[in-house]
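**Student:**
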DNA sequence: TATTGTTATACTCTATAACTATA
DNA sequence: TATAGTTATAGAGTATAACAATA
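Residue numbers (full-length UniProt numbering), protein chains in the order written: chain A, 1 to 154; chain B, 1 to 154.
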């Protein structure tokens with residue numbers, strides 16, 4: 001880490017930091033995504049749980065909680081809701097009857113695709129300002145950072 | 001908007017959207033920034049209010065609420081706390097005694113600089129993965145988007 | 001005894017509504 | 001009567017803690 005780009009005297013102001021901008025833009029994106037999901041009867045964390053399940057990142061609820069960076073009791077209520085909507089199935093693992101194995105139903109896959117469509121439409125609003133090329137580069141950087149950061153899923 | 005980059009059939013999956021990534025990364029950035037501010041006795045919204053005041057975006061509390069995208073009653077409690085820390089002064093506008101004019105004190109400017117330092121250290125954690133050039137491009141894109149999006153400040 | 005899931009409870013953040021004072 | 005600010009209250013979201021079932 002050199003003096004030129006390192007931690008030494010660097011008069012960068014708060015609104016200029018990545019952190020500040022991620023905090024503010026993240027809040028805006030969360031608000032808009034929440035609105036876009038509302039007609040589906042879902043919140044962002046529901047979409048997060050469906051994603052985790054669909055990607056095979058978590059069969060059990062405990063694994064899902066770990067993958068999402070939330071507490072297991074929250075997964076219970078998220079899963080309750082998704083079961084009510086017919087989006088996931090919860091079956092006891094016959095090998096270890098303490099575990100609840102979560103799987104996405106056909107309806108769940110349909111819902112998840114609708115979540116993705118909602119996110120895409122928010123993308124188009126948010127990124128309307130960026131030319132396609134810059135937008136693609138931005139997406140790559142976001143992916144890089146998200147991949148590194150421990151990535152709780154929503 | 002052409003078919004190639006437009007809203008037509010485009011099988012982009014939820015975790016691949018900017019929206020999803022901004023939601024998740026924004027949550028991570030908010031968590032880390034909150035931790036980094038804790039030793040200063042501040043929350044991100046306090047830093048947001050100080051920023052708004054220091055930039056002259058809001059003299060009165062009502063203007064501050066509008067600039068931050070929050071409700072006026074929240075500004076009251078944020079300002080209460082900042083007054084208690086000696087970071088801002090609240091004086092009645094002599095021209096209209098209903099208005100409370102907020103100004104940053106010297107101590108407030110010092111605190112705000114400490115907030116910026118905290119954000120920079122979170123930046124270094126988060127963006128350690130990105131080469132300097134890519135990081136700079138990412139910052140530019142973030143600024144562009146934040147500038148357009150209505151920009152509630154924290 | 002340890003672990004998975006669940007339920008009951010509490011806490012944090014922020015909004016809404018009612019109120020005060022000034023205009 | 002309308003507006004800036006304040007106070008009181010309520011709601012959403014999520015965590016912590018106590019508990020039940022299974023290992």
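By construction, the Cβ of each residue, glycine as well, lies at the ideal position given by its N, Cα and C atoms. For clarity, every value in this text was computed on a predicted model and none was experimentally measured.
Identify the contact partners of residue 123 of chain A in chain B, using a Cβ-Cβ distance below 7 Å as the criterion.
**Tutor:** Residues of chain B passing the Cβ test: 17, 18 and 19.
**Student:** Measure from the alpha carbon of residue 61 of chain B to the alpha carbon of each residue in B:142, B:92, B:121 and B:134, then state which is nearest.
**Tutor:** Ranking B:142, B:92, B:121 and B:134 by Cα distance to residue 61 of chain B puts B:92 first.
**Student:** Report the option in A:73, A:46 and A:56 whose CA atom is closest to the CA atom of residue 86 of chain A.
**Tutor:** That would be A:46, whose Cα lies nearest to the Cα of residue 86 of chain A.
**Student:** From what residue to what residue does the alpha helix (DSSP H) around residue 30 of chain B run?
**Tutor:** It spans 18 to 37 - the alpha helix (DSSP H) in which residue 30 of chain B sits, taken as one unbroken run.
**Student:** Just mark residue 32 of chain A as buried or exposed, buried being the case when its beta carbon has 16 or more other beta carbons within 10 Å.
**Tutor:** When all chains shown are included, residue 32 of chain A counts as buried.
**Student:** What is the residue span of the beta strand (DSSP E) that residue 100 of chain A lies within?
**Tutor:** Start and end: 96 to 104.
**Student:** Would a C-beta distance cut-off of 8 Å place residue 68 of chain B and residue 83 of chain B closer than the cut-off?
**Tutor:** No, these two residues do not count as a Cβ contact at 8 Å.
**Student:** Rounded to whole angstroms, what's the CA-CA distance from residue 132 of chain A to residue 120 of chain A? Just pull it up for me.
**Tutor:** Between residue 132 of chain A and residue 120 of chain A, the C-alpha separation is close to 14 Å.
**Student:** Nearest CA to the CA of residue 96 of chain A: which residue from A:41, A:59 and A:140?
**Tutor:** Nearest C-alpha to residue 96 of chain A: A:59.
**Student:** Can you tell me the Cβ-Cβ gap for residue 64 of chain A and residue 102 of chain A, rounded? I've got them flagged as a contact below 8 Å.
**Tutor:** Right, the Cβ-Cβ distance comes to about 7 Å (below 8 Å), so this counts as a contact.
**Student:** Going by alpha carbons, who is nearest to residue 38 of chain A out of A:57, A:13 and A:118?
**Tutor:** Among A:57, A:13 and A:118, the Cα nearest to that of residue 38 of chain A is on A:118.
**Student:** From residue 42 of chain B to residue 105 of chain A, what does the alpha carbon distance come to, in whole angstroms?
**Tutor:** Cα-Cα distance, rounded: 45 Å.
**Student:** How far does the beta strand (DSSP E) with residue 148 of chain A in it extend, from its first residue to its last?
**Tutor:** First-last for residue 148 of chain A: 132 to 148, but that is the alpha helix (DSSP H), not the beta strand (DSSP E).
**Student:** In three-state DSSP terms, what is residue 93 of chain A?
**Tutor:** Residue 93 of chain A falls in the strand class under three-state DSSP.
**Student:** Between the alpha carbons of residue 75 of chain A and residue 49 of chain A, how many angstroms are there, rounded?
**Tutor:** If I take the Cα positions, the gap works out to 8 Å.
**Student:** Starting from residue 85 of chain A, find everything on chain B with Cβ-Cβ shorter than 9 Å and list it in chain order.
**Tutor:** The contacting residues do not exist; residue 85 of chain A stays about 17 Å from chain B at best.
**Student:** Give, in chain order, every residue of the segment 21 to 41 of chain A whose Cβ lies closer than 7 Å to some Cβ of chain B.
**Tutor:** Within the segment 21 to 41 of chain A, the residues whose Cβ lies closer than 7 Å to some Cβ of chain B are 21, 22, 23, 24, 25, 26, 27, 28, 29, 30 and 33, listed in chain order.
**Student:** For residue 36 of chain B, which residues of its own chain have a beta-carbon under 8 Å away from its beta-carbon, when the five flanking residues on both sides are left out?
**Tutor:** The answer, listed in chain order, is 118, 119, 121 and 122.
**Student:** With 8 Å set as the bound, which would you pick, yes or no: does the beta-carbon of residue 5 of chain A sit closer than that to a beta-carbon of chain B?
**Tutor:** Its pLDDT being 46, under 50, residue 5 of chain A is placed unreliably by the model, and nothing is read from it.
**Student:** So who's on the other strand from residue 60 of chain B, going by DSSP bridges?
**Tutor:** B:101.
**Student:** In angstroms with no decimal places, state the Cα-to-Cα distance between residue 71 of chain A and residue 126 of chain A.
**Tutor:** If you take the alpha carbons of residue 71 of chain A and residue 126 of chain A, they lie about 31 Å apart.
**Student:** Less than 7 Å between the CB of residue 112 of chain B and some heavy atom of the ligand SAH, yes or no?
**Tutor:** Ligands in the displayed structure: none, and consequently the ligand SAH is not present.
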